[in-house]
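Undergrad:
Numbering (my numbering), first residue to last: 250 to 708.
(1) For residue 314, collect the residues of the same chain with a Cβ closer than 6 Å to its Cβ; drop the 5 residues on either side in sequence, then sort them by chain order.
(2) Candidates 505, 517, 478 and 511: which alpha carbon is nearest residue 526's?
(3) From what residue to what residue does the alpha helix (DSSP H) around residue 549 run?
(4) Taking the beta carbon of residue 523 as the centre, do at least 16 other beta carbons fall within 10 Å, making it buried, or is it exposed?
(5) When the Cβ atoms of the segment 333 to 341 are set against those of the segment 551 to 567, are three or more pairs found closer than 8 Å?
(6) Would you report the Cα separation of residue 423 and residue 369, rounded to the nearest angstrom?
(7) So residue 392 is in the alpha helix (DSSP H); what residue range does that whole segment cover?
(8) Roughly how many whole angstroms lie between the Cα atoms of residue 495 and residue 597?
(9) Please report the Cβ distance between residue 547 and residue 593, rounded to the nearest whole angstrom; I am assuming they are in contact, meaning their Cβ atoms lie under 8 Å.
(10) Let's see if you can read the secondary structure: which residues bound the alpha helix (DSSP H) around residue 361?
(11) Between residue 408 and residue 588, what straight-line distance do the alpha-carbon atoms span, to the nearest angstrom?
(12) Measure how close the beta-carbons of residue 448 and residue 298 come, nearest whole angstrom, since I'm counting them as under 8 Å.
(13) For residue 361, count neighbouring Cβ atoms within 10 angstroms of its own Cβ and tell me buried if that reaches 16, exposed if not.
(14) The alpha helix (DSSP H) that contains residue 335, what's its start and end?
(15) Would you call the CB atoms of residue 553 and residue 512 closer than 8 Å?
(16) Which whole-angstrom value describes the C-beta separation of residue 545 and residue 582, a residue pair presumed to lie in contact below a C-beta threshold of 8 Å?
(17) Near residue 394, which residues of its chain fall below 7 Å by C-beta distance, leaving aside the five closest residues on each side in sequence?
(18) Taking one C-beta from the segment 433 to 441 and one from the segment 463 to 472 each time, how about it: are there three or more such pairs within less than 8 Å?
(19) Excluding the 5 residues preceding and the 5 following residue 612 in the sequence, name in chain order all residues of the same chain whose CB lies nearer than 8 Å to its CB.
(20) Have a look at residue 199 and residue 311 and give me their C-alpha separation to the nearest angstrom.
(21) Between the Cα of residue 412 and the Cα atoms of 549, 533, 446 and 459, which residue gives the shortest distance?
(22) Apart from the five residues just before and just after residue 507, which ones in its own chain have a Cβ nearer than 8 Å to its Cβ?
(23) Whole angstroms is fine: what's the gap from residue 478's alpha carbon to residue 605's?
(24) Kindly indicate which three-state DSSP category residue 607 falls into: helix, strand or coil?
(25) What residue range is occupied by the uninterrupted alpha helix (DSSP H) comprising residue 412?
(26) In terms of alpha-carbon separation, which member of 319, 440 and 306 lies closest to residue 289?
(27) Thinking C-beta only, is residue 465 closer than 8 Å to residue 481?
(28) Answer with buried or exposed for residue 431, where buried requires no fewer than 16 other C-beta atoms within 10 angstroms of its C-beta.
(29) Using the rule of at least 16 other Cβ atoms within 10 Å of the residue's Cβ for burial, across every protein chain shown, is residue 549 buried or exposed?
(30) Between the alpha carbons of residue 514 and residue 453, how many angstroms are there, rounded?
(31) Given this structure, state the Cα-to-Cα distance separating residue 467 from residue 476, to the nearest angstrom.
(32) Answer with buried or exposed for residue 679, where buried requires no fewer than 16 other C-beta atoms within 10 angstroms of its C-beta.
(33) Note the first and the last residue of the continuous alpha helix (DSSP H) segment covering residue 305.
Next up, the structure:
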């Protein structure tokens, strides 16, 4: 008969349970991290996929990635959200996220992953600075990102950054360089299709064609006599729309810019139709900055076609959006909007309102002049703003004189009215007094006469 030996005392049993729980916890933790690690590439791909189509959707995936405890994941998620919060106008949160991205980046151990993440973080930081209009800071960050991507021969990242730099060159007025580099990049991705996925190819073609359209448009606006540039502008924006069926942001911007082309070609009917389509898409997708610009451009169409009352409606809509937005381009639209409102009120012979809007223009121009000069903001408007200022100063001076004379006349009429009223009242008072005196004399005369008659009768 064998004795049943139990190797587990009470103490050993407790120890084993604790060890078992510890192992289960560790395994669960590792499984959780493994799941997130497995999902990292998928989430990263989705964040990039929806980057130019749906900020909210891309933000959702970034927030999902931010739940990880992995420093690499946290660095990428926060750097991406830096751009998203900036796009929504939340500058404070955007800055906070970028500091977090840098913090987690520094926590990563030295490795190829860390070098690659440095390129990602600085690239997103550059995009954010560019969206704020801080082009010199953006270029500095792009060069840092480029250095790290080149260090590990990350071809895909190099293409992205060089594309962003080409687009930045257009923003600061280097149109020919921007066009040259973007055409080179389009040829490069066409010749190296195997490096990219189908989605990546479409995304690059969407971005680079949008950049080319924008460069040609800005180049034309700097050289208005070269109207042939409008044909190239229209060509590349239409290609952008074609490649942007899954990239809503690029689609909206390309449509907005196509409206500009139609406007420049005096095709006001197509311009109006295109801008109204952009207003609808911007409202639907909560794109505040684009909504402001679309309303301003619609107003411009109505102004050009001499539909002044319609123009005023959309200029005012643009104003109301621009006043609550921190976007530098919206600020410039706000300046020009008030300039054209002043001109419209001049045409409508309403000097008071013309003076009011010329005053708003000049006060705000002085406020933002340093920023405009510092950033060399030639994208669409800087030269125009300078020219408008001289005209607005002339208009203000003209209406100051007119309004001064008008106010003098108002004061004169008021004083004249008061004077006439005073004399009328005084005349009435004197007349009333005279009537009372006459009445009193008549009464005294009547009493005296009656008294005399009674005396005679008595005698």
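We put the beta carbon where it would ideally sit given N, CA and C, even for glycine.
TA: According to the structure data:
(1) 292, 322 and 326
(2) 505
(3) 537 to 553
(4) buried
(5) no
(6) 25 Å
(7) 384 to 400
(8) 45 Å
(9) Going by Cβ atoms, the distance from residue 547 to residue 593 rounds to 14 Å, so no, they are not a contact pair.
(10) 361 to 380
(11) 41 Å
(12) 6 Å
(13) exposed
(14) 320 to 336
(15) yes
(16) 4 Å
(17) 368, 371, 372, 375 and 410
(18) no
(19) none
(20) Limits of the chain in this structure are 250 at one end and 708 at the other, which puts residue 199 out of reach.
(21) 459
(22) 483, 486, 487, 490 and 523
(23) 38 Å
(24) helix
(25) 404 to 420
(26) 319
(27) yes
(28) buried
(29) buried
(30) 29 Å
(31) 12 Å
(32) exposed
(33) 304 to 314
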